[in-house]
Structure formats: structure tokens, C-alpha cells
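Chemist: In this text, residue positions in the sequence shown follow my numbering: the first is 17, and each later residue adds one.
Ideal Cβ positions, reconstructed from N, Cα and C, are used throughout, including at glycine.
After the C-alpha cells below, expect a handful of questions from me.
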Amino acid sequence: MFKRGGKCLRGVAVGLVAGMLAVLVWLPGWLESLEGPIWAWRARFFSVRETSSPQVKLVLLDQASLDWGQRENSWAWPWPREVYGAMAAFCKRGGARTLALDMLYTEPSVYGVSDDEAMGEALREGTPAVLGAVPAAGEGTWPEYVPRPSRNVNAAVIAESGNLVFPVEEIAAGSAAVGHVAGLPDGDGVFRRISPFRRFDGSEVPALGLAAWLVVQGESAQVRLSGRKLLVGQSSMPLDARGNTILRFRGVGGLPEAFSAAAIVQSELRLREGETPTVLPEVFKDCYVFVGCSAPALLDLRPTPVNPKCPGVVLHTTFVDNLLTDSFMADATREAVILGVIIMAVGAAVCLTYAGRWWQAVPLAVGWLGLPLVTGFAAYGRGWWWPVAVHELSAMLGLVGALAMNYWAEGRQKAFIKQAFRHYLSGEVIEKILRDPGHLQLGGEKRELTIMFTDLAGFSTFSEKLGPVELTALLNDYLSEMTDIIMEEGGTLDKYEGDAIIAFWNAPLEQPDHAVRACRAALRCQRRLAELRDEYAKNTGAALRMRVGINTGDVVVGNMGSRKRFNYTILGDAANLASRLEGANKAFATETMVSDSTWSRVSGAFTGRKLADLRVVGRRSAVTVYELTGLAGDAAPAGWDAFARGLEHFRQGRFDEAIRVFEQLPDDPTAGLYLRRCMLLRADPPASWDGVWALTEK
């Protein structure tokens, strides 16, 4: 069960990392070049299976229309503008709701002002017409001859336009409304979105298609913003983060039912002559009719997901189609995508973590790599743009990561079985033995080492509160944390004695900075225990504190034991002193005590203070000891200068002066111990005084 749980956790960890990496690649937009083609697959798949609203019609100035105009009427491009008046008249005959012209009328007609006036008059008498306002460089102001729109959404997400160029006054006078025709290509240059409104000179200009719809609905139509949706009449228009709406293209090439401009003009002219028209006007009854260009020479072709050379007017016909059928695409929120990516990566990684054979891994990999694509198509069918590329990337990273971790775990298991004895000896010892098998003999050598003894304060007290299982788990975790640090600092683990750790430096490999390594390991161990203290307190009910004693000196180090079983360990007085210093922390309320022989080698790299001239049990001579508290760059605690003065008074036997100094340090537990000892010595002065603090117990 534990093994299975460990695999699951490993898979989850790999999946989380893979998912976050995929998200970090997706957020800056680096996957747009991949997402675009995948989006086109979905759009083309559904567009050929769906039809546009029958209320949307398209009149195209195609190449055949240009050829007809040149051949039959000697019309060079641009055509006389009274031609568009004929289109407006034809739409009125058929009962069209509105006529939207995605054409440029920003310059006077080459045929004179009368041509513009004729078109304006024809638009006024025909079906209500909507003209386009074209984006331009620079800054502009609203022309006085064009009425400002009456509706204002007042949404922060509405994009600003520095300049819009409107039709000339003579033509604009005959229109019912004006709408912007600003295109919004995505990063890959493909047109998928439209801004429902553009703010220009303080007014909010609707898009050409929306303007046409509003003309039909009249002033009663409500337009308001609700969250990330624009509510237009009975339709709901989802907006992306920039306030644009995503179009759902329908029909082959995204085109609604389309007619040639030549056929429409010719039909109107025939009807005026009492002849039979090519196109019956009734085809436009109750329809939204759009006029645009498809002839390549007119330079109004745009790449869309369903057509690389699509007439630009199709963006506006699609907008009205989506508005009438309430079928705009909704952009998935960033939060939902990130959650989906994480779930995808974790699922793929966990599944493959349990796939131990290739015939299990291959189908799983194929399934997980196919799932994002299936999800993307299913989401499109329900009206959601669900990013596929980032989910594919997350699944792939999860699968690759799981495979790599499986390979690593398998190799690790083999190494564990092959070299299990490394758990009993340090890696350096093993390497030395492999180089020279002669080391597999009893005996040792004399060498200067730095030795560290550690012990948990009050271990016997809190161990009584824990059961055997809980106590073992706590000890294993604690010893693992401390041992990892010791090993990272190049130490050799001698042994464990219950909760105690014995380690040393400078053997079997030489380490010129062995004293520095030992002190740094002690500081890191204390700081790591401080980080874990609250967690351990939940299990023990007590705050775990560790006492450390460090000493540097000559010892015998080597293989000690019997001829059949031995350990690589140390013997000597220097090791005994390190053990005594660990216990001496109790007498001084300190946690890390080092001898003068160690401090003299490391004082430039660490902060600390002198504690005492100390005589430990079992030794006649005193040793100067120091408290190790931090690295050289760490600030010394307040009051240390005063403590040093008090310590000097104590050493000189000036107990009254020492008492006055130590009384000024109520927050220093070591100073408090000195205060009480000075009071005892003042009350019962010793016959002779050498300034040494003699311990009476280990």
C-alpha cells in the first residue's frame, strides 16, 4: 500500500510541475502559433455542418461584377456611386430590413459631387442603410454632420480608436446609422474577433453588424454590460479580456447566401424597364443585407479560420448571424484553463507512473495526447473556445516526466539493491575501500579531526508520551534531516545512539576547512530544527531543542571492532571532550558550544561569544569554550559587550561588579545563570579562585 501511495504522490508531483511549466509557456502567448491551426480545424469541421441564418444575405463585388461593369457599362473602378442607390432600391423592393455597406466613401466621388448626392438621396429613399467608419492613423474628432450614437455601454473593456474616417457628408446624410469596420486580427494574423463597440472622441461606435441590428430594433433595444457578457436584446454576447467577441463562422467558407453585385444591379435595372429580373427581390424579405468586396484587386480579403481569402464583410455578416442565433463563442477563463491544464498533466503523469510495461504505456500515452483535442472539439460544439495546445503540452510534459521518473526510480531501486551497505558506511569510506581493499582490516591512524556530538534536550521526558511507532517515526525524520545536512557539509557519520548523533570531519578524506564545515553544519542543523519545531511539537507536546558540542583535536580514526565485524569510528580524548561540551550546554542554557581549539580556526567565519573557562568531568585542566550563534555577517545579539564585561569580573573574582552587570541582562538566560552563581560565590567565597567554572556532572 505504501509503495502504491508513493507512486501516486510521485505522479502527482510530476504532474503539478508539468502543468505549471505548460501554464508558464501559455500565459505569455507563446503557444498561439500552435493554437491557431487547431482552432481552424474545429472551425472548419463545424462550419461545413452548420448553415448561416436565412435572415443574413450578402452582395459581393466580385471579379465577375467588375468585368460586367466594364463590359456592359464602361464603368472603371470605382463605380459611380449611384449604382449603390440601385442596390438600396432593390432591397426596398424586396422588403429587406436594412442594408449595410462595407465600402469606402471617405473621399468625394470621381464623378463629382452630384454622384455623391444621388447616392445619399437613394439611400434615404431605400432600405435603411448603415455605412462604415474606417480606422485611420493619427487623431481625429467627430464630424458635425454625423449624429453621435445614442447608446453608451460605459464599459472599461471597450477599445479606443484614435481616429475614424466617416463617409463624405452628401452620402452620410442618407444613412440611418454608422458602424465601425475596425478589424482585429489575432497574433497569427487571422481574424476571429470583432469589437462590438469602439470608443472614439467620447462616443461608443457600434460595429457595422451591430449598428445594422440596432437600426432594425429601434430605440427600444437594450444594450448593457453584465460581467464579461454584453446583453443585446435577447442575445448574450460573451466578451474576451479585451472586450472583443469571438465569431462562430457558419457555412462553407463562412459565407451566408451570397449574390453578385452585378446581378442585383442588373435586376433592379430590368425591373425599372418592366423586364424579368435575374434575382427576385423577395429573396431579401426581412433580411439583413450586406455589401462587400471579394474581387482580389479590391484588397478586402482577410484570413479567417475557415477561409484564408475571405471577404472582409463576412466578419460583419457572421457577427449578425451570431447575434440573431445567440451563438457567439465564449472564451474560457484563465482560471478554468489553468485548472484544466493541471488536471490534464496530473492525470497523465499518475496514469503513466503505474504503467510498468510498454504495452500499457503506449495506449495510455495515445489516449492522453488525444484527449485535449477531443475536449477542444466537444467544447467548440457547445460554444466554448477551449485552448488545446496548452493542454497537449501539459499532457506531453506529464507523460515525459512520468517516464523519466519511472526510469529514475527503477535505476534507483537497482542501485539500492546492489549497494545497500552504503546505508551503514559513508560514501567516502566506500569509495576509499573500493580503491584500496586493504582498508578492510582492523586498525587506524592518528589524525586531527573536528568532532561533533548532538543530543535532544529532554528526550526521555517527551519520549514517554509517544508510542513506539510514533517515536520511531519522529526519530527517523529528525535524524534524516540532521544527517542530510551533515553529509552535505562533507561530514562522516560515526553512529547514532538513540537520539544522539556522532559525526566528524577530515577523515577518511582530508578537508583543510574541517572545523568550518563542522560549525556550519551545526548552525544549519539548529536552523532546520527551528523550522520543524512547530510540526514536531504537534506530535510531542514539547519544543524539541538540540544541544551540540564541537571540539577539534587528535584522535585515532579507522576500523575498530572484531575481526569479523567492525566500524569506521574514532577514539581519543578529543572525542570525549566534544561529548562533554554537548552536555555542558545544560549548565549554560546554550545550544551550541565549541572548544577553543575549534574557535581559533573558525572565529573569522562565525559569530559567537566566550562562555567560560570550563573544567568538565573527567578532565583536570580547564578549556575555554564559546557559544556559536551565527555566520560572520550576522549581527551579534544586544548585550554581548556587557556580558563580556561581566564574564571578566567573574574570572577576576569581582562578584559584586559581575552581579551588577548580569542584572542588566534579564533576557539572557546564560547571564541569569552567571548571576545566580555569583550570588552563591559572594555568599560563600571560595578559599582560592582561578576563574574556572567546574562542572560536577556530565
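Would the beta-carbon of residue 137 fall within 8 Å of that of residue 190?
Modeler: As a working note, residue 137 is residue 121 in the sequence shown. As a working note, residue 190 is residue 174 in the sequence shown. Taking 8 Å as the Cβ cut-off, residue 137 and residue 190 qualify as a contacting pair.
Chemist: Considering Cα atoms alone, identify which of 225, 517, 251 and 700 is closest to residue 541.
Modeler: Start at 1 with the first residue of the sequence shown, and residue 541 comes out as number 525. Comparing Cα-Cα distances from residue 541 to each of 225, 517, 251 and 700, the minimum goes to 517.
Chemist: Using only alpha-carbon positions, find the residue among 546, 556, 462 and 473 that is nearest to residue 483.
Modeler: By one-based count along the sequence shown, residue 483 stands at place 467. With distances taken between Cα atoms, residue 483 lies closest to 556.
Chemist: Is it right to say residue 24 is buried, meaning 16 or more other beta carbons lie within 10 angstroms of its own, or is it exposed?
Modeler: As a position in the sequence shown, residue 24 is number 8, starting the count at 1. Its Cβ having fewer than 16 others within 10 Å, residue 24 is exposed.
Chemist: Going by DSSP, what residues sit across from residue 422 in a beta bridge?
Modeler: Your numbering for residue 422 matches position 406 in the sequence shown. Paired residues: none, contrary to the question.
Chemist: Based on Cα-Cα distance, which residue from 331, 224 and 294 lies nearest to residue 192?
Modeler: Locating residue 192 in the sequence shown gives position 176, where the first residue counts as 1. Check the Cα spacing between residue 192 and each of 331, 224 and 294: the tightest is with 224.
Chemist: Excluding five sequence neighbours on each side, which residues of the same chain lie with their C-beta closer than 6 Å to the C-beta of residue 333?
Modeler: In the sequence shown, counting from the first residue as 1, residue 333 sits at position 317. Excluding sequence neighbours, residue 333 sits near 72, 74, 272 and 306.
Chemist: Give the C-beta separation of residue 327 and residue 339 to the nearest angstrom, bearing in mind that I take them to be a contact with Cβ-Cβ under 8 Å.
Modeler: Numbered from its first residue, the sequence shown carries residue 327 at position 311. Numbered from its first residue, the sequence shown carries residue 339 at position 323. About 19 Å separates the two Cβ atoms, so there is no contact after all.
Chemist: Assuming residue 209 contacts residue 256 under a Cβ cut-off of 8 Å, what Cβ separation, rounded to an integer in Å, is found between them?
Modeler: Counting from 1 along the sequence shown, the entry for residue 209 is found at position 193. Counting from 1 along the sequence shown, the entry for residue 256 is found at position 240. Rounded, the Cβ-Cβ distance is 7 Å, consistent with contact.
Chemist: Measure from the alpha carbon of residue 519 to the alpha carbon of each residue in 528, 501 and 529, then state which is nearest.
Modeler: Position 503 of the sequence shown, counted from the first residue, corresponds to residue 519. Checked all of 528, 501 and 529; the closest Cα to residue 519 is 501.
Chemist: Would you mind stating whether residue 643 and residue 608 have Cβ atoms separated by less than 8 Å?
Modeler: If you number the sequence shown from 1, residue 643 lands on position 627. If you number the sequence shown from 1, residue 608 lands on position 592. Yes; because the gap between Cβ atoms is below 8 Å, this pair is in contact.
Chemist: Quick one: what's got a C-beta closer than 8 Å to residue 47's C-beta in the same chain, skipping five residues either side?
Modeler: The count along the sequence shown starts at 1 and reaches residue 47 at position 31. Closer than 8 Å at the Cβ level, and outside the excluded window around residue 47, lie 41, 403, 405, 406 and 409.
Chemist: Enumerate in chain order the residues of its own chain whose CB-to-CB distance from residue 414 is below 6 Å, with the five nearest sequence positions on each side excluded.
Modeler: As a first step, residue 414 must be located in the sequence shown, where it is residue number 398. Same-chain partners within the cutoff: 31, 34, 361, 364 and 365.
Chemist: Cβ atoms of residue 258 and residue 175: under 8 Å apart, would you say?
Modeler: Your numbering for residue 175 matches position 159 in the sequence shown. Your numbering for residue 258 matches position 242 in the sequence shown. Taking 8 Å as the cut-off, the Cβ atoms of residue 175 and residue 258 count as close.
Chemist: Distance, Cα to Cα, residue 229 vs residue 246?
Modeler: Taking the sequence shown and counting its residues from 1, one reaches residue 229 at position 213. Taking the sequence shown and counting its residues from 1, one reaches residue 246 at position 230. Answer to the nearest angstrom: the Cα atoms are 14 Å apart.
Chemist: Use the C-beta contact count for residue 560: other C-beta atoms within 10 angstroms, 16 or more gives buried, fewer gives exposed.
Modeler: Residue 560 sits at position 544 when you count from the first residue of the sequence shown. Buried is the call here.
Chemist: Please state if the CB of residue 221 and the CB of residue 148 are separated by a distance shorter than 8 Å.
Modeler: Here residue 148 corresponds to residue number 132 of the sequence shown, with the count starting at 1. Here residue 221 corresponds to residue number 205 of the sequence shown, with the count starting at 1. Contact flag unset, no.
Chemist: Whole angstroms are fine: how far does the CA of residue 660 sit from the CA of residue 690?
Modeler: Residue mapping note: residue 690 aligns to position 674 of the sequence shown, counting from 1. Residue mapping note: residue 660 aligns to position 644 of the sequence shown, counting from 1. Computed Cα separation, rounded: 12 Å.
Chemist: Assuming residue 263 and residue 200 form a contact by the criterion Cβ under 8 Å, report the distance between their Cβ atoms to the nearest whole angstrom.
Modeler: For the purposes of this step, residue 263 is identified with residue 247 of the sequence shown, where counting begins at 1. For the purposes of this step, residue 200 is identified with residue 184 of the sequence shown, where counting begins at 1. That belief does not hold up - the Cβ atoms of residue 263 and residue 200 are roughly 10 Å apart, past 8 Å.
Chemist: Which residue's Cα is closest to the Cα of residue 686: 603, 177, 376 and 290?
Modeler: Stepping through the sequence shown from its first residue, residue 686 is reached at position 670. The candidate whose alpha carbon is nearest that of residue 686 is 603.
Chemist: Round the Cβ separation of residue 93 and residue 82 to the nearest angstrom and send it over; I've been treating them as touching at under 8 Å.
Modeler: Within the sequence shown, residue 93 is the residue found at index 77, counting from 1. Within the sequence shown, residue 82 is the residue found at index 66, counting from 1. About 6 Å separates the two Cβ atoms, so the contact holds.
Chemist: Is residue 718 helix, strand or coil when you go by DSSP?
Modeler: Only positions 17 to 714 of the chain appear in the structure, and residue 718 is not among them; the question remains open.
Chemist: Write down the C-beta distance between residue 158 and residue 164 rounded to the nearest angstrom, noting that I regard them as a contact closer than 8 Å.
Modeler: As a first step, residue 158 is located in the sequence shown; it is residue number 142 there, counting from the start. As a first step, residue 164 is located in the sequence shown; it is residue number 148 there, counting from the start. With a Cβ gap of about 6 Å, residue 158 and residue 164 count as contacting.
Chemist: CB residue 242 to CB residue 215, shorter than 8 Å?
Modeler: Numbered from its first residue, the sequence shown carries residue 242 at position 226. Numbered from its first residue, the sequence shown carries residue 215 at position 199. The answer is no: Cβ separation not under 8 Å.
Chemist: Counting only the same chain and skipping the five closest in sequence on each side, list residues whose C-beta sits under 6 Å from that of residue 284.
Modeler: One-based indexing of the sequence shown puts residue 284 at position 268. 102, 105 and 106, listed in sequence order.
Chemist: Kindly give me the distance between the Cβ atoms of residue 617 and residue 710, rounded to whole angstroms, as I take these residues to be in contact under 8 Å.
Modeler: Within the sequence shown, residue 617 is the residue found at index 601, counting from 1. Within the sequence shown, residue 710 is the residue found at index 694, counting from 1. Between residue 710 and residue 617 the Cβ distance is about 26 Å, and since that is not below 8 Å, they are no contact.
Chemist: For residue 14, report the span of its beta strand (DSSP E) as first-last.
Modeler: Here the chain has residues from 17 to 714 only, and residue 14 is not among them.
Chemist: Whose C-beta lies closer than 8 Å to the C-beta of residue 688 among residues of the same chain, with five residues either side of it excluded?
Modeler: Here residue 688 is taken as the residue at index 672 of the sequence shown, counted from 1. The residues are 605, 678, 681 and 682.
Chemist: For the alpha helix (DSSP H) that contains residue 84, what are its first and last residues?
Modeler: Mapped onto the sequence shown, residue 84 falls at position 68. Its alpha helix (DSSP H) spans residues 79 to 89.
Chemist: Thinking C-beta only, is residue 515 closer than 8 Å to residue 598?
Modeler: Numbered from 1 along the sequence shown, position 582 holds the residue referred to as residue 598. Numbered from 1 along the sequence shown, position 499 holds the residue referred to as residue 515. No; because the gap between Cβ atoms is not below 8 Å, this pair is not in contact.
Chemist: Could one say the Cβ of residue 199 lies closer than 8 Å to chain B's Cβ atoms, at least one of them?
Modeler: Protein chain content of the structure displayed is limited to a single chain, and chain B is not contained in it.
Chemist: Are the beta-carbon atoms of residue 568 and residue 464 separated by less than 8 Å?
Modeler: Here residue 568 refers to the residue found at position 552 of the sequence shown. Here residue 464 refers to the residue found at position 448 of the sequence shown. For the pair residue 568 and residue 464, the CB atoms are nearer than the 8 Å cut-off.
Chemist: By the 10 Å Cβ neighbour count, where 16 or more other Cβ atoms means buried, how is residue 267 classified, buried or exposed?
Modeler: Here residue 267 is taken as the residue at index 251 of the sequence shown, counted from 1. Its Cβ being crowded by 16 or more others within 10 Å, residue 267 is buried.
Chemist: Would you mind working out which of 292, 251, 179 and 302 sits nearest residue 232, comparing C-alpha positions?
Modeler: Residue numbering aside, residue 232 sits at position 216 when the sequence shown is read from its first letter. The shortest Cα separation from residue 232 among 292, 251, 179 and 302 belongs to 302.
Chemist: From residue 354 to residue 386, what does the alpha carbon distance come to, in whole angstroms?
Modeler: For this step, residue 354 is matched to residue 338 along the sequence shown. For this step, residue 386 is matched to residue 370 along the sequence shown. In a straight line, the C-alpha of residue 354 is about 19 Å away from that of residue 386.
Chemist: In the DSSP assignment, what residue or residues form a beta bridge with residue 15?
Modeler: This structure cannot speak to residue 15, because the chain is shown only from 17 to 714.
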